[in-house]
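So for the sequence shown, the working numbering puts the first residue at 340; every next one is plus one. For each residue, glycine too, the CB sits at the ideal point set by N, CA and C. Owing to the predicted nature of the structure, the values given are computational and were not obtained by experimental measurement.
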Amino acid sequence: MQPNKNIKEEVQEPKKKTSFRNFPMVPKVVFGCGSFSQLNSILLPQRKHAEAPFIFLVDDVFENTALLNEIPLIFNDQIILISADQEPKTQQVDALVQQIKSTFSEMPSGIVGIGGGTVLDLSKAVSILLNNTGSAADYQGWDLVTKPAIYHVGIPTISGTGAEVSRTTVLLGPKMKLGINSDYTTFDQVVLDPDLTKGVAIDQWFFTGMDCFIHCIESLKGTFLNTFSQSYGEKALDLCKEVFLEDLSPSESREKLMMASWHGGMSIAYSQVGVAHALSYGLSYVLGVKHGIGNCLVFDHLEEFYPEGVALFQEMKAKHNIVLPKNICAKLTHEEFDTMINVAMGMKPLWENALGDDWQKIITPTKLKSIYQKI
Ligand code: NAD
Ligand code: ZN
């Protein structure tokens with residue numbers, strides 16, 4: 340009798356996972372230079388009635404620019420300008436929700452966020468809190484939101500964070516910096532118009548772009564990696580290499596970075612970030628360092644964990660003459676170091692992804708302090 344080859348293969352097959360992440364994706368997306376001009380026709384079918392406005396949360400970098408005039412305002416729609424000087428806070432979300440509720444008698448038809456990760460995250464959070472009681476801080480965590488958000492649209496004006504595709508909105512709360520991770524967080528519609536990123540300053544372009552590059556490295560080198568994440572992560576990494584190491588035309592570079600951001604965000608949706616993000620969260624919490632530059636400051640010193648990624652990062656940094664600030668942690672007190680280390684150590688899933696279940700054998704407070712002291 341022939342040995343049954345299938346039986347052998349079945350026996351040898353690794354134990355299958357019993358629970359798989361089931362996450363939402365952005366259901367509608369439009370891509371292309373000039374696609375912003377389609378916003379009016381995109382919003383029209385979503386307008387509930389004349390008294391239910393669209394609220395446009397717009398980065399105040401666009402104040403007095405042509406973009407504001409291109410926003411399709413009808414009826415009692417309102418533009419609220421938002422400063423992106425600081426990362427979004429839970430109190431800021433609560434204040435915006437209060438402002439909208441007290442200005443309008445009807446629930447808005449929707450929220451449209453136009454800006455970088457800061458404004459996109461605020462927009463997601465405001466759309467959730469308009470339909471859920473309490474404070475934004477009550478929903479920081481995983482799957483705590485009980486009612487759907489109101490219709491919300493994301494329109495990125497700088498590329499890299501992946502906030503346009505993710506199911507989280509990262510907020511600084513009274514106790515922690517943590518996302519509202521929920522199926523209701525994801526945008527209903529995204530407009531990807533690379534022309535909107537034209538005015539970004541070179542340093543900021545690099546820092547936010549490196550957020551995407553670091554998402555790819557951390558996802559692709561992580562233990563959580565599966566073929567789904569890998570397929571997005573590899574594409575995003577290739578696009579980042581083209582954008583930051585080759586000499587593309589400005590328009591090609593803008594288009595490719597916008598799609599790198601999207602794919603990078605999709606890659607971490609099914610895996611996780613790693614060492615740089617854990618340490619960057621600590622920096623941000625104690626010193627208010629913004630996400631993109633914080634990741635760069637940390638990643639520069641992570642050759643032990645990501646040797647090839649760090650070598651590429653340094654090549655990119657040199658090509659674009661980026662000079663990172665130094666001695667950021669020089670004046671920190673022992674207590675501040677401890678807080679920073681505690682915040683970083685608390686990012687358990689990130690360490691598990693980066694280093695596996697035994698991560699605590701490698702990552703100790705002393706180890707983290709030695710890295711922070713180099714920054
Ligand atoms: P940002 O939104 O903070 O903006 C950075 C700077 O660029 C600001 O000064 C802004 O005014 C300016 N800017 C934006 N668009 C511009 C344009 N077209 N022209 C000129 N200037 C422009 O930057 P970011 O790096 O995109 O976002 C960082 C935020 O994103 C952080 O709060 C971080 O926590 C969050 N984030 C969220 C996710 C997520 O999945 N939700 C992922 C990563 C990061
Ligand atoms: Zn990031």
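{"Query": "From the DSSP output, which residues share a beta bridge with F393?", "Result": "G449"}
{"Query": "Any heavy atom of the ligand NAD within a distance shorter than 7 Å of the CB on P427?", "Result": "yes"}
{"Query": "Going by DSSP, which residues form a beta bridge with P411?", "Result": "Answer is none; P411 lacks a bridge partner."}
{"Query": "What's the call for I632, buried or exposed, on a 16-neighbour Cβ count within 10 Å?", "Result": "buried"}
{"Query": "Helix, strand or coil: how does DSSP classify K700 here?", "Result": "helix"}
{"Query": "Mind checking whether Q417 and I453 have CB atoms under 8 Å apart?", "Result": "no"}
{"Query": "Does the Cβ-Cβ distance between T715 and A476 come in under 8 Å?", "Result": "The question about residue 715 has no answer, for the chain in this structure spans 340 to 714."}
{"Query": "Drop a sphere of 10 angstroms on the beta-carbon of P513, count the other beta-carbons inside from all chains shown, and report buried for 16 or more, exposed for fewer.", "Result": "exposed"}
{"Query": "Can you find a heavy atom of the ligand ZN that lies under 7 Å from the Cβ of T507?", "Result": "no"}
{"Query": "Go ahead and label T404 buried or exposed: buried means 16 or more other beta carbons lie within 10 angstroms of its beta carbon, across all protein chains shown.", "Result": "exposed"}
{"Query": "Could you spell out the range, first to last residue, of the beta strand (DSSP E) harbouring Q528?", "Result": "528-531"}
{"Query": "Could you tell me how far apart the beta carbons of P688 and Q611 are, in whole angstroms, since I believe they sit closer than 8 Å?", "Result": "5 Å"}
{"Query": "Between L535 and the ligand NAD, is there a pair consisting of the residue's CB and a ligand heavy atom that are separated by less than 7 Å?", "Result": "yes"}
{"Query": "Would you be able to state if there are at least three C-beta pairs under 8 Å between the segment 523-541 and the segment 549-561?", "Result": "no"}
{"Query": "What does the alpha-carbon distance come out to for the pair I701 and P392?", "Result": "53 Å"}
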